[in-house]
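Undergrad: What follows is a structure written as structure tokens; I'll ask about it next.
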Amino acid sequence: MIYIFDLGGVIIKSQDLKKIYDELKPKVDYDTFIDIWYNDPEVIDAHKGLKDENESFRNVLEKIGCKISIDELINIVYKERNYYEDTLNIINTLRNNGKKVYLLSNLRKIDFEYLKKDIDISIFDKTFLSYEMNLIKPQKEIYETVIEDLNINPNNIYFFDDNSANINSAIQCGIKGFCVTGDNIKEVFQKNNLLSDV
Numbered sequence: 003m004i005y006i007f008d009l010g011g012v013i014i015k016s017q018d019l020k021k022i023y024d025e026l027k028p029k030v031d032y033d034t035f036i037d038i039w040y041n042d043p044e045v046i047d048a049h050k051g052l053k054d055e056n057e058s059f060r061n062v063l064e065k066i067g068c069k070i071s072i073d074e075l076i077n078i079v080y081k082e083r084n085y086y087e088d089t090l091n092i093i094n095t096l097r098n099n100g101k102k103v104y105l106l107s108n109l110r111k112i113d114f115e116y117l118k119k120d121i122d123i124s125i126f127d128k129t130f131l132s133y134e135m136n137l138i139k140p141q142k143e144i145y146e147t148v149i150e151d152l153n154i155n156p157n158n159i160y161f162f163d164d165n166s167a168n169i170n171s172a173i174q175c176g177i178k179g180f181c182v183t184g185d186n187i188k189e190v191f192q193k194n195n196l197l198s199d200v
């Protein structure tokens, strides 16, 4: 078996978007802010590596009516980065027992640059990043690309993500998916005996 982990919500704690919203003081309501933050086409294209990040950030600031610089936005968004010790301990246990561990995440390049400041990326045998692949979860193509790259039967993949749509899409590709967060991943591993072959 090999083990593939999502980043946000599984390894790194999800951003406190309400706190970011309050600091930005945008001219739109919170629900509209969330929709733009996650679903704006330029945001999605930035995560796919198809759009310049600065253009994407500038577009978001314009749409939410926030008159600050991109640098100020970046400082607000990335100043707090907290990680789940349980997940990191599980990854280290897997690695110490010769298991292959991978990262599959919907990341912009800037997200990955900040990740590398805090985590030794060598804990992963390989990283599959949306901005490099020009694909984004839950597109089936992203899982098919991973399966092809690893040249492995998808039934031999354990995949951990905090988004049920991502898990469902992975399962449709034959992957064994588990919807988890860093808060309950230890319990899920124990309940499903996922360390039995370690």
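The numbering used here numbers the first residue of the sequence shown as 3 and each following residue consecutively.
Even glycine gets a Cβ: it sits at the ideal position worked out from N, Cα and C.
1. Would you list the one or two residues that DSSP bridges to S107?
2. Check whether the segment 4–20 touches the segment 163–175, counting contact only when three or more Cβ pairs, one atom from each stretch, lie closer than 8 Å.
3. Assuming F130 contacts V103 under a Cβ cut-off of 8 Å, what Cβ separation, rounded to an integer in Å, is found between them?
4. Given a cut-off of 8 Å, decide if I187 and D88 are closer than it, judged by their beta-carbon atoms.
5. Use the C-beta contact count for P43: other C-beta atoms within 10 angstroms, 16 or more gives buried, fewer gives exposed.
6. Note down the Cα distance separating L106 from E64, rounded to an integer number of angstroms.
7. Using the DSSP secondary-structure output, state which residues sit across from G10 in a beta bridge.
8. Where do the ends of the alpha helix (DSSP H) carrying Y85 lie?
TA: Considering the structure as presented:
1. L131
2. yes
3. F130 to V103, Cβ: 12 Å. No contact.
4. In this structure, I187 lies closer than 8 Å to D88 by Cβ.
5. exposed
6. Here the alpha carbons of E64 and L106 stand approximately 30 Å from one another.
7. DSSP output for G10 lists I14 as bridge partner(s).
8. Unbroken run through Y85: none, as it is neither H nor E.
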